[in-house]
Amino acid sequence: MGVSLRGFFISRIIQLVVTMFIVSVVVFFILRLSGDPILVVAPDFFSEEQIEQMRKFWGFDRPIGEQYLNFVAKAITGNFGTSYLAKRPAMELVFERLGYSWMLAAAAAAIGLTIAIPLGILSALKRNSFVDLIITSLSSLGTAMPSFWLGLMLIIVFSVHLGLLPVFGALEPKAIILPSTTLGVGMAARLSRMTRSAMLEVLNQDYVRTAHSKGLMHKTVVMRHALRNALIPIVTVFGLQLGWLLGGSVVVESVFSWPGLGRLMIDSISVRDNTVVQAGLLFFSLSFILINYAIDVIYIILDPRIKFQ
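Heads up, the sequence shown is in our numbering, so the first residue is 201 and it goes up one at a time.
Rendered as structure tokens:
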């Protein structure tokens, strides 16, 4: 049974709170299982007394349950503590890198959609033809190809040999081309396969044949009738891929030294800077959840027959 818009958002907020609670428990306790981060941060020449003073200063001398409650109470207000190494608020470091990660994800998503939708439609329209074989083969290759390997190949070709694009960093606008292409190609490979499958399913429906029998232009039938009704599964996969771009671009950011949140997470994990790791992981989780909720709303916009559940 459908429920009201207000009920829909209330249920989603409850789900968000429960999910974030579970994520906070997992993140907090798993990081604690890795050992005492103070032993990593403390200089080698520190005495046991000085190490104990550091442990007390950061609150690691308290019972683990009390540490968790204190962590949750501060996290609700956006206070994840101070970075052990940078000596700055963890969220301040996260927000500094956030813009770069969103910029990279947006560029990669634009590339992925630009490639995937036309190729997926063309593959469906040319089913079992040579064109279909080429497109599906390329899609399979793109899906199987590791992103770090593709990134290295792009660096060798366009940076080392041709000298057209910068290798590392984000000091100039064109520096985003190689990392976004690396991520966008993988996204396009997966999304084009879904577009092909969804289009094949709707192209054989009665309403598509009826539209053709009425004398409508082939392009109009494909874009207005077939593609619109095939968008639900495509949007679903796109939402999952967008969430992956935000949280799964860690390797690509490391390959290209892109100053995003993923690279910050890798650097923080390597030195066990737990406050930054906790803030970054919780933000990744929150972003993924919110993207999924946005997809639910898009479903209803695309197909008004879908009710709030």
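Where is the CB? At the ideal position from N, CA and C, for every residue including glycine.
Spatial distance of Thr314 from Gly460 (CA atoms): In a straight line, the C-alpha of Thr314 is about 24 Å away from that of Gly460.
Where Trp511 falls, given that 16 or more other Cβ within 10 Å makes a residue buried: This structure does not reach residue 511, given that the chain is present from 201 up to 509, and the question cannot be answered.
Reduced DSSP category for Pro318 - H, G, I as helix; E, B as strand; rest coil: helix
Continuous alpha helix (DSSP H) stretch holding Pro379: start and end: Secondary structure note for Pro379: its alpha helix (DSSP H) is the uninterrupted segment 377 to 403.
Enclosing alpha helix (DSSP H) for Phe246 [first to last residue]: Here Phe246 belongs to no alpha helix (DSSP H), and DSSP marks it neither H nor E.
CB-CB length for Gly312 against Ala388, believed under 8 Å: 4 Å
Test item: CB-CB of Ser487 and Met220 under 8 Å: no
Euclidean distance between Cα positions of Gly351 and Val452: 7 Å
C-alpha gap between Met201 and Ser413, whole angstroms: Unreliable positioning characterises Met201 in this predicted model, as indicated by a pLDDT of 43, which lies under 50. A coordinate reading is not provided.
Which of helix, strand or coil DSSP assigns to Leu410: Residue identity differs from the one stated: residue 410 is Thr in this sequence, not Leu. Of the three classes helix, strand and coil, the one that applies to Thr410 here is helix, per DSSP.
Cutoff 8 Å: Leu464 Cβ touching any chain E Cβ: Protein chains in the displayed structure number just one, and chain E is not present.
Boundaries (first-last residue) of the alpha helix (DSSP H) holding Thr336: 330 to 344 is the span of the alpha helix (DSSP H), which, as asked, contains Thr336.
CB of Leu338 within 8 Å of CB of Thr381, strictly: no
Span separating the alpha-carbon of Thr395 from that of Ala430: 8 Å
Where the alpha helix (DSSP H) containing Asp473 begins and where it ends: First-last for Asp473: undefined, no H or E at that position.
Short Cβ contact (8 Å threshold) for Ala426 with Val455: no
Sequence-distant residues of the same chain with beta carbon closer than 7 Å to Gly367, five excluded per side: Inspection of the sequence shows that residue 367 is occupied by Val rather than by Gly. Closer than 7 Å at the Cβ level, and outside the excluded window around Val367, lie Ile355, Ser359.
Outcome for Val437 when other beta-carbon atoms lying within 10 angstroms are tallied against a minimum of 16: Burial is judged here by how many other beta carbons sit within 10 angstroms of a residue's own beta carbon; Val437 has at least 16 and is buried.
For Gly480 and Leu464, believed in contact at Cβ under 8 Å, the rounded distance: 7 Å
Same chain only: Cβ atoms within 6 Å of Lys326, ignoring 5 sequence neighbours per side: Asp332
Reduced DSSP secondary structure (H/G/I, E/B, other) of Pro263: coil
CA-to-CA distance, Met254 to Ile495, given in whole angstroms: 45 Å
Chain-order list of residues whose beta-carbon lies under 8 Å from that of Val450 (same chain, five-residue window excluded): Gly462, Arg463, Met465, Ile466
Coarse secondary structure for Pro289, derived from DSSP in three states: strand
Coil, strand or helix - Thr219 by DSSP: helix
Nearest-angstrom Cα separation, counted from Arg212 out to Ser392: 30 Å
Status (buried if at least 16 other CB within 10 Å, exposed otherwise) for Leu399: According to the sequence displayed, residue 399 carries Met and not Leu. Met399 should be labelled buried.
Continuous alpha helix (DSSP H) stretch holding Glu453: start and end: 450 to 455
Three-state secondary structure assigned by DSSP to Thr277: coil
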